[in-house]
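Just so you know, the sequence shown maps onto residues 0 to 314 in numbering that gives the first Met the number 0.
The structure appears right after this line, and notes come after that.
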Amino acid sequence: MTGLQILGSGHGLPKRCVTNEDMAQIVDTNNEWITTRTGIEQRYFCSEEETCGQLAAQAAQQALQQANLSADQIGLIVAATFTSDYLTPSLACQVHQALGCTKPIPCMDVNAACTGFLYGLETARSLLMSGSANSEYALVIGAEGLSRVLDFTDRTSCVLFGDAAAAMVVRLADTPYSCILNASGDTTSLFANSLLPNQARFLQMDGKAIFRFAVDIIPKCLEQLLQKSGLTLEQIDHVVCHQANSRIIDHVVKKLGAPPTMFYKNMQRFGNTSAASIPLALDELLQNGTIRPGQKVVCIGFGAGLTWGACLLSF
Ligand code: UT7
């Protein structure tokens, strides 16, 4: 078995929803600019009391419940993040503890910025295949506490991002699956550091350069994945791109001549949640019944590094 089956999914969001109007009270911006340039209408920010670990644990709990599994049936936890509460212990270890797992299992974080969840899925699949997991079930999480590294004096970046977590319970399956992961060093990266408060650096990025990179790489990456899978775009039911900017997805749809409804968008409600963005979208599509059994979904990520990747999942 070389494919992956998703048995359950879930998400965790902070309580506080911050609208574009709220952002305009903090920094020199306005609702019109943010919606027309990005498609984002609101995002969620953690309060002082809320943590990335809590969001991740909530998402994991929901995913376990849906998969009808107890915490101790999980044999591996992989968490994708670059803005967890601590550099160490890992977010995966935090979730292991928060879930009340009583058995030791492999737990680790991966950091590939906004492509992180796809790296996490592939890492989990490889560990399941190698026999390194302690059971057939893995928990894969994408979670970010991005508001902790936002510079609220920089209107070019702080309006774009939001905090969130989403999780999937997966196991190996005999279903079509393909994955492409890539990275190449580039100075347009997002830089962030949430290591220690007194060493904190804020997230910085060259938004225009990342925009150009994204509209170029997404169609190429999709084509490469389809070729690897022996499929055509017509055989794919849904495409879930990293939710950075609505206009990035519009450009890609136009370039490919694809039906816009095939490309899911939810950045209007959550902003760019980096490693949480793809699983958050998948979770929504699964919970509302848009993704149905027998369908094929392609996920495409891109972000700091620069990193990029794509993954074919079958349901
Ligand atoms: O998750 C992966 C990493 N990040 C991304 O994928 C981000 C990709 N890039 C983008 O989404 C877009 O490039 C941005 C949303 C970041 C910027 O959009 P843009 O259309 O490329 O705008 P721009 O940077 O060219 O700025 C246009 C104008 C500038 O004013 P001037 O110089 O023309 O007078 C900016 O100062 O818009 C101004 N501006 C703003 N105005 C109001 C920039 N940010 C804001 C803001 N509110 N928040």
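Glycine included, every Cβ here is placed at the ideal spot set by N, Cα and C.
Could you please give me the residues that DSSP links to S8 through a beta bridge?
Within the sequence shown, residue 8 is the residue found at index 9, counting from 1. Paired residues: M167.
Between the Cα of G229 and the Cα atoms of S273, S89 and L311, which residue gives the shortest distance?
For the purposes of this step, residue 229 is taken as the residue at position 230 of the sequence shown. Nearest option by C-alpha distance: L311.
Check the C-beta distance from G161 over to G141 and give it rounded, since I have them as a contact under 8 angstroms.
For the purposes of this step, residue 161 is identified with residue 162 of the sequence shown, where counting begins at 1. For the purposes of this step, residue 141 is identified with residue 142 of the sequence shown, where counting begins at 1. Between G141 and G161 the Cβ distance is about 13 angstroms, and since that is not below 8 angstroms, they are no contact.
Select from V239, Q53, I217 and I290 the residue whose C-alpha is nearest the C-alpha of L305.
The sequence position of residue 305 within the sequence shown is 306, counting from 1. Selected option, being the one with the closest Cα: I217.
Please state the DSSP three-state secondary structure of E40.
Locating residue 40 in the sequence shown gives position 41, where the first residue counts as 1. Correct three-state label for E40: coil.
Are the CB atoms of L98 and S156 within a distance shorter than 7 angstroms?
To locate residue 156, count along the sequence shown from 1; it is residue 157. To locate residue 98, count along the sequence shown from 1; it is residue 99. Going by C-beta atoms, S156 is not nearer than 7 angstroms to L98.
Hey, how far is the Cα of T18 from the Cα of A165?
Within the sequence shown, numbered from 1, the residue matching residue 18 stands at position 19. Within the sequence shown, numbered from 1, the residue matching residue 165 stands at position 166. Approximately 21 angstroms, taken between the alpha carbons.
Starting from I140, follow its DSSP beta bridges and name the residues at the other end.
Residue numbering aside, residue 140 sits at position 141 when the sequence shown is read from its first letter. In DSSP, I140 forms a bridge with A78 and A166.
When you compare the CB positions of L281 and A163, do they come within less than 7 angstroms of one another, or not?
For the purposes of this step, residue 281 is taken as the residue at position 282 of the sequence shown. For the purposes of this step, residue 163 is taken as the residue at position 164 of the sequence shown. No; because the gap between Cβ atoms is not below 7 angstroms, this pair is not in contact.
Please say whether L171 and Y118 have beta carbons closer to each other than 7 angstroms?
Numbered from its first residue, the sequence shown carries residue 118 at position 119. Numbered from its first residue, the sequence shown carries residue 171 at position 172. Going by C-beta atoms, Y118 is not nearer than 7 angstroms to L171.
Excluding the 5 residues flanking T82 on each side, which residues of the same chain have their C-beta closer than 7 angstroms to its C-beta?
On the sequence shown, position 83 is the one that residue 82 refers to. Answer for T82: C51, E143, G144, L145, R147, V148, A191 and S193, listed in chain order.
Backbone CA spacing between V109 and I76 [nearest angstrom]
Here residue 109 refers to the residue found at position 110 of the sequence shown. Here residue 76 refers to the residue found at position 77 of the sequence shown. Approximately 11 angstroms, taken between the alpha carbons.
So A303 and C113 are in contact, right, with Cβ under 8 angstroms, and what is the actual spacing, rounded?
Translated into the one-based positions of the sequence shown, residue 303 becomes position 304. Translated into the one-based positions of the sequence shown, residue 113 becomes position 114. About 7 angstroms; that satisfies the 8 angstroms criterion.
Quick check on S125: buried or exposed, where buried means 16 or more other Cβ atoms within 10 Å of its Cβ?
Residue mapping note: residue 125 aligns to position 126 of the sequence shown, counting from 1. Its Cβ having fewer than 16 others within 10 Å, S125 is exposed.
Under a Cβ-count criterion, where at least 16 other Cβ atoms within 10 Å of its own Cβ denotes burial, should L361 be classed as buried or exposed?
Look at the range of the chain in this structure, 0 to 314, and you will see that residue 361 is not part of it.
Looking at the structure shown, is I104 part of a helix, part of a strand, or coil, going by DSSP?
Residue mapping note: residue 104 aligns to position 105 of the sequence shown, counting from 1. Residue state, collapsed to three classes: coil.
Using 8 angstroms for Cβ pairs, my map puts G206 next to E135. What's the rounded Cβ distance?
Stepping through the sequence shown from its first residue, residue 206 is reached at position 207. Stepping through the sequence shown from its first residue, residue 135 is reached at position 136. The Cβ separation is near 42 angstroms, so there is no contact.
So what does DSSP say about I73, is it helix, strand or coil?
Taking the sequence shown and counting its residues from 1, the one referred to as residue 73 is at position 74. Note: I73 maps to strand in three-state DSSP.
Give a yes or no on contact between the stretch 24–40 and the stretch 236–256, applying the rule of three or more CB pairs nearer than 8 angstroms.
yes
Determine which residues share a DSSP beta bridge with N181 and list them.
Translated into positions along the sequence shown, residue 181 becomes position 182. Looking at the DSSP assignment, N181 forms a beta bridge with W307.
Tell me which same chain residues have a C-beta within less than 7 angstroms of the C-beta of Q4, skipping the five on either side of it?
On the sequence shown, position 5 is the one that residue 4 refers to. Within the same chain, Q4 has close Cβ partners V169, R170, A172 and T174.
I need the straight-line Cα distance from P196 to Y85, nearest angstrom please.
The sequence position of residue 196 within the sequence shown is 197, counting from 1. The sequence position of residue 85 within the sequence shown is 86, counting from 1. With a pLDDT of 47 at P196, under the threshold of 50, the modelled position of that residue is not reliable, and the figure given next carries that caveat. For P196 and Y85, the distance between alpha carbons rounds to 10 angstroms.
How is S134 classed by DSSP in three states: helix, strand or coil?
Taking the sequence shown and counting its residues from 1, the one referred to as residue 134 is at position 135. DSSP places S134 in coil when its eight states are reduced to three.
G130 classed as buried or exposed, judged by whether at least 16 other C-beta atoms fall within 10 angstroms
Position 131 of the sequence shown, counted from the start, is the residue given in the question as residue 130. Under this definition G130 is an exposed residue.
Hey, could you find the ends of the alpha helix (DSSP H) H237 is sitting in?
In the sequence shown, the residue the question calls residue 237 occupies position 238. No alpha helix (DSSP H) holds H237; the beta strand (DSSP E) holding it covers H237 to C240.
Give the straight-line distance between the Cα atoms of G184 and C220, rounded to the nearest whole angstrom.
To locate residue 184, count along the sequence shown from 1; it is residue 185. To locate residue 220, count along the sequence shown from 1; it is residue 221. In a straight line, the C-alpha of G184 is about 17 angstroms away from that of C220.
Helix, strand or coil for G300 per DSSP?
Start at 1 with the first residue of the sequence shown, and residue 300 comes out as number 301. Looking at G300 - three-state DSSP - the assignment turns out to be strand.
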